[in-house]
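Right, one structure below, let's go through it.
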């Protein structure tokens, strides 16, 4: 099936780029691209509007970060996100040079700013996750660092396990290649999924950012919630952080729940993940139902400290069955993706 409407402009072919959601748009940057048959690092910015699904290439003004791939991105406000680390592919197809710089992109002015930082890890192949005004980064050696963006200049602080820590609670940071793990923001917790090798099992570790301690994973973990600061701008997603129920127990929107499956890697793949995941959340019509198609919404959303929002259908399609599956859908069922966005 196809749920994406035709667009006049598709993003450039690129892999290993980074992405972050700011406002009502997904921004993808960097990665490797094909130029005259040669693979080179790219520095393009692509905007995917999550209301209309329109795709556009952006040409920022002023200085911009060197082309690269394998970095990470994290939102800071509804109109900005940062990128960190990565490396560039040179003419000999060797990853060189490597980067440990931080660039901030302003979606309103369409400009990049190179931010001064104190300390910091080496370049990264891994993940960023935002909680409040702190961006957590796993570096290439699986070290974990916290970047405080609430001060000027930004300040890096390593998260070092205490001596003699319980290995079932505290990960052995600095010993596992970062390509075998990821970090994710879930409420106040930073969740690290670590595998010693691509063929080994995955261990789950949980870091409480309010007590700055590794703790046993809560059972269950709280649903994801708006993680960027300030709180009044809640409702935006990072590469790893999703909308969630508030403290009163209100359920998250179907768009948000769908996104938890889709948002993990750069660019266009993320948006497809969001839309495809929505199949599990919303459909119209049920097997054996008489009298035409109805509609059903799985969940609703009530978010604290947030201005009024618009809720609208951002994509719709008819399901066409080709073989039996486990989705309890039949040909003719209507699949909708419901998006919730800030006014203005």
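Numbering (the working numbering), first residue to last: 19 to 362.
Ideal placement from N, C-alpha and C gives every residue a C-beta, glycine not left out.
Model, not experiment: these values are computed from the prediction.
Quick one: residues in its chain with C-beta nearer than 8 Å to the C-beta of residue i, no 5 flanking neighbours on either side, listed in chain order?
i, result
"residue 393", "Outside the displayed range of the chain (19 to 362) lies residue 393, so it cannot be described from this structure."
"residue 179", "188, 189, 190, 191, 232"
"residue 219", "213"
"residue 183", "232"
"residue 238", "none"
Hey, would you say the C-beta of residue i is under 7 Å away from at least one heavy atom of the ligand SAM?
i, result
"residue 138", "Among the components modelled here there is no ligand, and therefore nothing to report on the ligand SAM."
Might you give, ordered along the chain, the residues of its own chain that have their beta carbon closer than 6 Å to the beta carbon of residue i, omitting 5 neighbours on each side?
i, result
"residue 123", "99, 130"
"residue 206", "227, 228"
"residue 121", "83, 101, 130, 132"
"residue 240", "205"
"residue 168", "151"
"residue 221", "212"
"residue 225", "208, 232"
"residue 125", "40, 97"
"residue 309", "Confidence at residue 309 is low in this model, with a pLDDT of 36, below 50, so the placement of that residue is unreliable and no value is reported for it."
"residue 235", "222, 224"
"residue 200", "145, 211"
"residue 2", "Outside the displayed span of the chain (19 to 362) sits residue 2, for which this structure offers no information."
"residue 266", "Any reading at residue 266 is ruled out, since the residue's pLDDT is 32, under 50, leaving its predicted position unreliable."
"residue 230", "none"
Per DSSP, what are the beta-bridge partners of residue i in this structure?
i, result
"residue 17", "This structure gives no information on residue 17, because the portion of the chain shown stretches from 19 to 362."
"residue 176", "163"
"residue 93", "99"
"residue 116", "105"
"residue 200", "211"
"residue 149", "152"
"residue 224", "209, 233"
"residue 136", "173"
Rounded to the nearest angstrom, how far is the Cβ of residue i from that of residue j, given a contact under 8 Å?
i, j, result
"residue 174", "residue 162", "Actually they do not touch by this definition, with Cβ atoms about 11 Å apart."
"residue 42", "residue 71", "Actually they are not in contact, since the Cβ atoms of residue 42 and residue 71 sit about 11 Å apart, beyond 8 Å."
Once you ignore the five residues that flank residue i on each side, which residues in its own chain have a CB closer than 7 Å to its CB?
i, result
"residue 128", "76, 78, 79"
"residue 86", "48, 59, 104, 105, 106, 117"
"residue 88", "34, 104, 105, 143"
"residue 155", "90, 102, 139, 142, 146, 163, 165"
What residue ranges within the stretch 22–85 form continuous beta strand (DSSP E) runs of no fewer than 3 residues, ordered along the chain?
-> 36–40, 43–47, 50–53, 56–59, 63–67, 73–76
Would you check if the stretch 58–71 and the stretch 30–42 touch, i.e. whether three or more CB-CB distances between them fall below 8 Å?
-> yes
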